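Here's the structure, in structure tokens; my notes come after.
Number of protein chains: 2
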Amino acid sequence: MTSRDGYQWTATTGLRQGVPSISVISPPTNVLSTTEGWDVVVVGAGYSGLTASRDACLAGLKVLLIEARDRIGGRSWSSNIDGYPFEMGGTWLSWGQPHIWREVSRYQMRSELEPSFDFSRGVNHFELRTSSQGSSIFSHLEEDALLAGALQKFVDVDGAMGREIIPYPHDAFHNPAARQYDNMSALDRLNGLAQSLTPHERAVLESFILLCSCGTLETTSFFEFLHWWALCDYSYKGCLQHLISYKFKGGQSSFAIKFFREAMATGRLSYAFNSPVQSIDDHGDRVVLKARDGRQYSGARLISTIPLNVLSSVTFSPPLSPERTAAANIGHVNQCVKVHAEVASPDMRSWSGISYPFNKLAYAIGDGITPAGNTHIVCFGGAHNHIQPEEDIDETKRAVENMSPGNMDIKRLVFHNWCKDEFAKGAWFFAPPQLLSKSLDELRRRHGNVLFANSDWAVGWRSFIDGAIEEGTRAAMTVIEELRQLHAVRSHL
Amino acid sequence: MTSRDGYQWTATTGLRQGVPSISVISPPTNVLSTTEGWDVVVVGAGYSGLTASRDACLAGLKVLLIEARDRIGGRSWSSNIDGYPFEMGGTWLSWGQPHIWREVSRYQMRSELEPSFDFSRGVNHFELRTSSQGSSIFSHLEEDALLAGALQKFVDVDGAMGREIIPYPHDAFHNPAARQYDNMSALDRLNGLAQSLTPHERAVLESFILLCSCGTLETTSFFEFLHWWALCDYSYKGCLQHLISYKFKGGQSSFAIKFFREAMATGRLSYAFNSPVQSIDDHGDRVVLKARDGRQYSGARLISTIPLNVLSSVTFSPPLSPERTAAANIGHVNQCVKVHAEVASPDMRSWSGISYPFNKLAYAIGDGITPAGNTHIVCFGGAHNHIQPEEDIDETKRAVENMSPGNMDIKRLVFHNWCKDEFAKGAWFFAPPQLLSKSLDELRRRHGNVLFANSDWAVGWRSFIDGAIEEGTRAAMTVIEELRQLHAVRSHL
Chain C
71 MTSRDGYQWT
81 ATTGLRQGVP
91 SISVISPPTN
101 VLSTTEGWDV
111 VVVGAGYSGL
121 TASRDACLAG
131 LKVLLIEARD
141 RIGGRSWSSN
151 IDGYPFEMGG
161 TWLSWGQPHI
171 WREVSRYQMR
181 SELEPSFDFS
191 RGVNHFELRT
201 SSQGSSIFSH
211 LEEDALLAGA
221 LQKFVDVDGA
231 MGREIIPYPH
241 DAFHNPAARQ
251 YDNMSALDRL
261 NGLAQSLTPH
271 ERAVLESFIL
281 LCSCGTLETT
291 SFFEFLHWWA
301 LCDYSYKGCL
311 QHLISYKFKG
321 GQSSFAIKFF
331 REAMATGRLS
341 YAFNSPVQSI
351 DDHGDRVVLK
361 ARDGRQYSGA
371 RLISTIPLNV
381 LSSVTFSPPL
391 SPERTAAANI
401 GHVNQCVKVH
411 AEVASPDMRS
421 WSGISYPFNK
431 LAYAIGDGIT
441 PAGNTHIVCF
451 GGAHNHIQPE
461 EDIDETKRAV
471 ENMSPGNMDI
481 KRLVFHNWCK
491 DEFAKGAWFF
501 APPQLLSKSL
511 DELRRRHGNV
521 LFANSDWAVG
531 WRSFIDGAIE
541 EGTRAAMTVI
551 EELRQLHAVR
561 SHL
Chain W
71 MTSRDGYQWT
81 ATTGLRQGVP
91 SISVISPPTN
101 VLSTTEGWDV
111 VVVGAGYSGL
121 TASRDACLAG
131 LKVLLIEARD
141 RIGGRSWSSN
151 IDGYPFEMGG
161 TWLSWGQPHI
171 WREVSRYQMR
181 SELEPSFDFS
191 RGVNHFELRT
201 SSQGSSIFSH
211 LEEDALLAGA
221 LQKFVDVDGA
231 MGREIIPYPH
241 DAFHNPAARQ
251 YDNMSALDRL
261 NGLAQSLTPH
271 ERAVLESFIL
281 LCSCGTLETT
291 SFFEFLHWWA
301 LCDYSYKGCL
311 QHLISYKFKG
321 GQSSFAIKFF
331 REAMATGRLS
341 YAFNSPVQSI
351 DDHGDRVVLK
361 ARDGRQYSGA
371 RLISTIPLNV
381 LSSVTFSPPL
391 SPERTAAANI
401 GHVNQCVKVH
411 AEVASPDMRS
421 WSGISYPFNK
431 LAYAIGDGIT
441 PAGNTHIVCF
451 GGAHNHIQPE
461 EDIDETKRAV
471 ENMSPGNMDI
481 KRLVFHNWCK
491 DEFAKGAWFF
501 APPQLLSKSL
511 DELRRRHGNV
521 LFANSDWAVG
531 WRSFIDGAIE
541 EGTRAAMTVI
551 EELRQLHAVR
561 SHL
């Protein structure tokens, strides 16, 4: 099946919208009558919605899963092209991420991981370009030392590498002193350190921060970066392991489909894809969802997994609280541009590079060998020097080529433009200063019979697939308990 | 409620068997008729059995949970004495343990952890005693450096601190080269290193290995130690974090009871405590369990969480495979002796010590301050110099006092003798050489309608609570899927 989402470019086909993916669900709906009513309506088929739907189905509830796109996975999905998976969004996972790993273990997929890095051949080095005028070459050990040193200076606010400020990564405001760091931007922190960073350190550090937030240094909350650091065991080695090292051999969609299929196997899952939501009305005894196509669906409860940046596009009745509305209007800052390039020959498999700040893509690594024997390079850019990659494909190619001039004979580009995606309006969540300390509790709060579940307001691996599963689990558990009690009360009457 | 399990000694009461615990379930059974038959019978109310029972109940199955003891938790349970929790068995957890952390998150208990270590006051050092003739005193930083250095020599079989031999901690035989290390004992490995270890390094290293296995150096599989090391992020810092740093403020039983209560809330959990199992007969269409009290219970499936060292005490029909029987007869080697001592004054809160090999307890740390303002010290011994702590309480007190002569004015002792416990026959699983490479797959295999779930044969955090939840999840998922299909087929006929 081919999704409407995503773009592919080759010299022979030119730019085309839509890429093949096992995440596309066909037929797009199994709902025969919208009048039946469900126990719970789940809005969004990303990992939050898949988890919530699956758990609710397993618990015996009648579930309707409604999704704007033609596919599952939300901001994490993979396209398989000629037998090779390209990760269009969320990619990496690790056994240090508890909610996703519990599912990997449960689906017996522990042996289906592979490493992104393979520092064994060809152009086996790290290339740092701080202007278009040349490259500095480092061994990967030197790359690690450079980044680790710079990061340690950046995070060491307490003489304990952040451990005193965030002693519990899954309870990040445990120490109230952490809140003050949410008033700071990454730039504020950098400005306080300016004297102690070498130019190379500053360049790689800024690139790494922006690889995490894909905002600008001004719009990146220093607290949230510290939180990532704490989640990554307070070390650069931990950052590598948890953030960018391990992926599914078969792509994320090979994992997401397990949730969907398990829910389907219960016989209790109704679903409707291609169904963007217009409004959600809580009538007290039931919640009525109206899709843009005019269809209405109702449930005793509704779980909204609509991302923060999209929340204000749906009309809620009663209206959302002023605090939640304000947070949604501020939104998160991640404007990631992720571009896969297949480049001729396997020589670049062991290469990594940073081209910053002059280039439209900042960070890239060799990520695999395609069936054609070429190198798969994955490149990241963001708000600091933004492009819409499909608007000017030659500019996008130049941005890839600029990562390592002379080494990028581009055979194929694959990408999804998350920033222009009306159902995402950005990539993974990253907070601007003050958003979390002011609004996290509110974003997690229910609104009558409507519950909100999204990685954007997870407390642990917020922004990650892990956080999405954390949130889907939380919402499903609440609904399951409430409806069980409701049924028990009703059967007593 | 007071459990039959555990012992307590104070000067005024002397030694008494049985300690108070919220893990004791009253009434001990809610089964009115044993003839009704269940979808699934779960044997054992440790974390494997609790997880399997809860998941099956949530999925709508009728479950019978049968347990030999008067309490839940198996090898992990806590006694609360005068408002202070003493962990009788499995204690520590971390957010790097995915299955347990998913449950901590799900039950919203992230804020209910506290650290064991508090290096802030009083006798704030590490005390190493290699004979009864004196102590060497180190700062805790020196303790860390000593242990980290020794451990790195021990595990560095590949020049990569074990990362090449076990690149995936949750898929530990991924690299077939790992198997050869299961032919080695810890002693074999130590003998190969003898020249490179200082006497202090050797003493702390042996103590640390034996703290993990509680066997002897000869009976400790070097592979399994490497596996623990890999699970702990290949670092001493990771070992500290994952193995011994964080515990529940309210004790393990405050966590275990959540599983039990959630299963009960479904209205589908039957249970019978004080019901040791005599035999398990698989009749093909149902499995019949006979308890020692003569009662019989039957289910479409049975999940046995009976630990490896106890498996041969139950008669199976058809008989277990020769391979499984052989593994059960070999058993695991952990003969842990864990003794809590409340010692006068808070001065020892920041102390840690090793007294090895001459003493009957080898490793101890200050673990808390009791309501009376005394220090809670937790001490560990094992097979290398074994005691049965209740048999000669004066010898046990001397073993505690020998950890730090002059500093242990003992007010209270609390412990459970796992080695004489007929339903455990040892503490957490630790493998002798060859057991895992020969038998792990067989131990994980089903036997007709009987499934086996225990941390003893988990693939990830084997031996840990995490592994128990991993296994309970696996077994429940299998049973839920099979019975759903069975019901679907039946309703078609």
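Chains as they are written, first to last, in my numbering: chain C, 71 to 563; chain W, 71 to 563.
We put the beta carbon where it would ideally sit given N, CA and C, even for glycine.
This one's a predicted model, so the numbers in the text were calculated from it and none came from an experiment.
Check	Outcome
From Leu313 of chain C to Cys302 of chain C, what does the alpha carbon distance come to, in whole angstroms?	8 Å
Can you give me the Cβ contacts of Asp252 of chain W inside the same chain, cut-off strictly under 7 Å, excluding the 5 residues immediately before and after it?	Ser291, Phe293, Pro503, Gln504, Leu506 and Ser507
What distance in whole Å lies between the Cβ atoms of Ile480 of chain W and Lys467 of chain W, which are believed to be in contact at a cut-off of 8 Å?	6 Å
Verify whether the separation of the beta carbon atoms of Val413 of chain W and Leu431 of chain W is less than 8 Å.	no
Within its chain, find whatever has a CB closer than 7 Å to the CB of Leu275 of chain W; leave out the 5 residues flanking it on each side and keep chain order.	Ala220, Leu221, Phe224 and Leu267
Taking Cβ positions only, does Gly116 of chain C come closer than 8 Å to chain W?	no
Counting contacts by CB-CB distance shorter than 8 Å, is Pro392 of chain W in contact with chain C?	no
Find out if the Cβ-Cβ distance for the pair Tyr306 of chain C, Asp226 of chain C is shorter than 8 Å.	no
Measuring CB to CB, does Pro155 of chain W end up less than 8 Å from Gly320 of chain W?	yes
Tell me which residues of the region 142-165 of chain C have at least one Cβ-Cβ distance to chain W shorter than 7 Å, keeping chain order.	Trp165
Pick out the complete beta strand (DSSP E) segments inside the region 155-232 of chain C, 3 residues or longer, and give them in chain order.	183-185, 196-201 and 204-208
List, in chain order, every chain C residue whose beta-carbon is nearer than 8 Å to that of Arg249 of chain W.	In chain order: nothing, as chain C lies at least about 16 Å away.
Could you name the residues of chain W that Met231 of chain C contacts, counting a contact when the two beta carbons are closer than 9 Å?	Under the 9 Å cutoff, chain W gives no residues; its nearest Cβ is about 11 Å from Met231 of chain C.
Between His169 of chain C and chain W, is any beta-carbon pair separated by less than 8 Å?	yes
Cβ closer than 9 Å: which chain W residues qualify as neighbours of Thr548 of chain C?	Correct list: empty, because the minimum Cβ distance to chain W is about 10 Å.
Distance check for Arg394 of chain W and Thr121 of chain C, CA to CA, integer angstroms please.	36 Å
Taking Gly438 of chain W as the query, report the chain C residues whose CB atoms sit under 9 Å from its CB, ordered along the chain.	None at all; the shortest Cβ gap to chain C is about 17 Å.
What do you reckon, are the CB atoms on Phe243 of chain C and Ser422 of chain C nearer than 8 Å?	no
Determine whether the beta carbon atoms of Thr104 of chain W and Gln311 of chain W lie at a separation below 8 Å.	no
Which bits of chain W does Tyr426 of chain C rub up against, with CB to CB less than 8 Å?	The contacting residues do not exist; Tyr426 of chain C stays about 30 Å from chain W at best.
According to DSSP, is Phe493 of chain W helix, strand or coil?	coil
Less than 6 Å between C-beta atoms, sequence neighbours within five positions excluded: which residues of the same chain meet that for Asp437 of chain C?	Ser186, His446 and Val448
Answer with buried or exposed for Gly232 of chain W, where buried requires no fewer than 16 other C-beta atoms within 10 angstroms of its C-beta.	buried
Here's a check: name, in chain order, each residue in its chain whose Cβ is nearer than 6 Å to the Cβ of Trp79 of chain C, leaving out the five neighbours to either side.	Leu85, Ile463 and Leu483
Have a look at C:Ala264, C:Glu182 and C:Leu135 and flag the residue whose alpha-carbon is nearest the alpha-carbon of Arg331 of chain C.	C:Leu135
Can you give the Cα-Cα distance for Leu102 of chain W and Asp417 of chain W, rounded to whole angstroms?	54 Å
For His284 of chain C, does the three-state DSSP call read helix, strand or coil?	One detail in the question is off: residue 284 of chain C reads as Cys in this sequence, not His. Reduced to three states, the DSSP call for Cys284 of chain C is coil.
Quick one: residues in its chain with C-beta nearer than 8 Å to the C-beta of Asn245 of chain C, no 5 flanking neighbours on either side, listed in chain order?	Glu234, Ile235, Ile236 and Pro237
Could you tell me whether the region 367-380 of chain W touches the region 508-522 of chain W, using the rule of 3 or more Cβ pairs below 8 Å?	yes
Would you check whether the ligand FAD has a heavy atom nearer than 7 Å to the C-beta of Leu431 of chain W?	The ligand FAD is not among the ligands present in this structure, which contains no ligands whatsoever.
Suppose contacts are defined by Cβ-Cβ distances below 8 Å. Is Ser315 of chain W in contact with Ser164 of chain W by that definition?	yes
Span of the beta strand (DSSP E) holding Gly438 of chain C?	Tyr433 to Ile439
Quick one: grab the DSSP three-state call for Glu106 of chain C.	coil
What number of angstroms, rounded off, separates the C-alpha of Ser324 of chain W from the C-alpha of His410 of chain W?	19 Å
Can you name the residues that DSSP bridges to His557 of chain W?	DSSP, once it has assigned bridges, lists no residue as partnering His557 of chain W.
How is Arg362 of chain W classed by DSSP in three states: helix, strand or coil?	coil
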